[in-house]
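I have placed the structure first, in the form of structure tokens, so that the comments after it can refer back to it.
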Amino acid sequence: MISVNQVTVNFGGFQLFKDINFLITQRDRIGLVGKNGAGKSTLLKLVVGEMKPTSGSISVPNDVRIGYLPQQMVIADGRTVMAETLLAFKETIELKKEIDRLGKEIAERTDYESDSYINLINQLTDKTDHYHIVGGGNLESQVEQTLTGLGFKRSDFERQTSEFSGGWRMRIELAKLLLRKPEALLLDEPTNHLDIESIQWLEDYLSDFSGALLLISHDKAFLDNVTQRTIELSLGVAYDYRVSYSKYVELHRERREQQMAAYRNQQKMIEDTQDFIERFRYKSTKAVQVQSRIKQLDKLDIIEVDDEDLTSLNIKFPSAPRSGDTVVEAKEVSKSFGSRLIFSGANFTVQRGEKVAFVGRNGEGKTTMSRIIIGELDYDGNTRIGHNVSIGYFAQNQDELLNNSLTVLETIDNVAVGDVRAKMRDILGAFLFRGDDVDKKVGVLSGGERNRLAMAKLMLQPYNLLVLDEPTNHLDMRSKDILKEALLKFDGTLIVVSHDREFLNGLVNKVYEFSDGRVKEHLGGIYDFLRRRKLANLKELERKREEIRDVEPKSDSEQKQAWLERKEVDKQIRKVVTQLEEVEGRIEFVEAEIGQLDAKFANPEESDASNPDYAFFSKYQELKDDLNILMKRWENLSLEVEDLKAKRNS
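The numbering of the sequence shown is the numbering used here, which starts it at 804 and goes up by one.
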């Protein structure tokens, strides 16, 4: 589908890529990984044509539509959410206008036997058929389904886009992108502005997406749930792993160990050779050997190893001063902004040493409750902060509170106390401030850099209650791991607002769900909470609750019979799912073989495809036929699973 051929990119005297090659085929699910600055976003821009390579080429068939979501984009004002999202169907809407024009013209004509009249009838028939094929009759229904999946309420549809924050407007752009149904999706950090529910909805959507996907993300759980192939960019080279992210991490570690061994061996050889040259440089009897060694070094292809910090940084928060047993207590807390009720009747208690998460849709009050706890907002009801509680707060706009005139190092130096001062540079390095970066003025830092500096600053101060609002935004995976490890070791109390499931997993032992104006407590970790819900969208649960309330209660015998029927259906589901997984494995194997043959076609000079025979094409066609049969089998099994699930839930 999309072929990256010998692509090299130079910026001034710096080489970002060197002769990288890979092929994206239909239904590929690729995670693009690498440290910051490796060129991930640049590669997406090359594929969509926003940038041109210094050399090499990127081949995209003319009939392949690419949907591209960058990290930052210009978003227009002046329309409602519904009207803006309907722009995804611009061609379909224009087709409807043309159908209406033709219908009106036909209605006004009376020359029923003329060739031009018959031609109009044929045009109207063709365009009407095409309109129905592309789903023109239910455009608003498609928009509604996508927008609600991404977290919008139906009451939001007629609001102006200008009323929404940048994150919500990015969701509108994502909705438009998905509704266009491109053959290939290129997504650059799509989960940055999504809550857990919307991320799960997007995961389900991408699982059913029939095209190819190239994805950049720092969300480990999202990558594992969505991708089956990982391309790593390192030192200008693309390493292709046909596995999910977690398996890639293991293979990457093995490759790096081999790379490091080869690097050390080569460095030892270089050192020995240079010693020989220096020792015998001026001895005429060794002149030939010396010149030979010099030429040997000149021709040597130096092994490069990506600069990766593999040390075990023992970074931790200062010991928390002891507080009272009850750290935060809320009784019948309610909050409204004007006529808009955010939540009401909130009751909860956070005890010393607990680590809890606030989760729920954006706009349901998680940040609002955090600001109530730290005393920033007025509210109705009662809250009590326990004895000797000192609060450290990380806000989503924490970066705005930094002093622009200080350097990065000065910002940390001003708050560091005790033994931690010796580790200031290690802490800054963990948050991607290395070398000369520590001497930059805060005023010249990007939003992401300022956020990371604010988090590093918070790690140095002695609090016994940390309230963190989306602390992982803009952090790469290593920095998130370091922050999580530090929070696990933190001996105080933690309240964290986050949509990052992998970050929350193992960190929190209680979840407070903000939904539909209420706050509900769930004991256990984040995956315990999600498993109990068993739904990607929390709103769906509320709908099912309403349906359950409308059902007459069943007798004991009826309940037992229903249970036996569900048990039998579950057995059937497991059987079909096993068959489905076997077919998926076979599809993956056949697609890999087809990909190898595609690669031979793409590089005929390096393969027997330069002089193909009948057997070569016969094998290729046979694989294609097998794939079509397998895909049809996969489709039928998938439908069977859905039917069985619907039967079980009915």
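No residue lacks a Cβ here, since even glycine has one placed at the ideal position from N, Cα and C.
Measuring C-alpha to C-alpha distances from Phe1234 to each of Leu1286, Ala1198, Thr1210 and Tyr1266 identifies Leu1286 as the nearest. Taking 7 Å as the cut-off, the beta carbon of Pro985 is found closer than this to the beta carbon of Arg868. Annotation for Lys1071: no residue places its beta carbon closer than 6 Å to its own, counting only its chain and skipping 5 residues before and after. If you look at Gln1077, you'll find it in the alpha helix (DSSP H) that goes Tyr1048 to Phe1083.
Here Ala1041 carries a strand assignment [DSSP, helix/strand/coil]. Unbroken beta strand (DSSP E) runs of no fewer than 3 residues, entirely contained in the stretch 1174-1247, are found at 1183-1188 and 1194-1197, following chain order. Here His996 is not bridged, per DSSP, to any residue.
Taking a contact to require three or more Cβ pairs closer than 8 Å, the stretch 991-1011 and the stretch 854-863 do not qualify as touching. Spatial neighbours of Leu1326 in its own chain (CB-CB distance under 7 Å, excluding positions within 5 residues in sequence) are listed in chain order as Lys1313. Contact between Val1300 and Lys1169 holds: their C-beta atoms lie close to 5 Å from each other, under 8 Å. The DSSP assignment places no complete run of the alpha helix (DSSP H) inside the stretch 1259-1285 (cut-off: 4 residues). Put simply, of Lys900, Asp1272 and Leu1248 the residue whose alpha carbon is nearest the alpha carbon of Gly1195 is Asp1272. Around the C-beta of Phe1293, 16 or more other C-beta atoms lie within 10 Å, and the residue is accordingly described as buried. Inter-segment contact for the stretch 933-951 and the stretch 882-898 is present: three or more beta-carbon pairs are separated by less than 8 Å. Per DSSP, reduced to three states, the secondary structure at Ser1441 is helical. Contact between Leu1447 and Gln1375 is confirmed by a C-beta separation of about 6 Å, below the 8 Å threshold. Excluding the 5 residues flanking it on each side, Tyr1266 has same chain C-beta neighbours closer than 7 Å at Ala1123, Ser1193, Ile1194, Gly1195 and Gly1295, in chain order. Considering only Met1434, Gln809 and Ile1105, the residue with the shortest C-alpha distance to Gln1062 is Ile1105. The DSSP-derived three-state label of Asn1150 is strand. In this structure the stretch 1129-1141 lies against the stretch 1166-1181, because at least three pairs of beta carbons, one per stretch, are closer than 8 Å. Straight-line spacing of the CA atoms in Ala1090 and Pro856 works out to 45 Å. Going by beta carbons, Lys1244 and Thr1210 fall inside the 7 Å limit. The C-beta distance from Leu989 to Leu847 rounds to 5 Å, short enough to meet the 8 Å contact threshold. Annotation: Ser1301 is outside any alpha helix (DSSP H) and is labelled neither H nor E by DSSP. The beta carbons of Pro873 and Asp991 sit closer together than 7 Å.
The closest CA to that of Phe1146, considering only Glu1438, Phe1161 and Glu1167, is found on Glu1167. A check of alpha carbon separations from Leu1310 across Phe1161, Leu1026, Gln829 and Leu980 identifies Phe1161 as the nearest.
Between Phe1306 and Asp932, the alpha-carbon positions lie close to 49 Å from each other.
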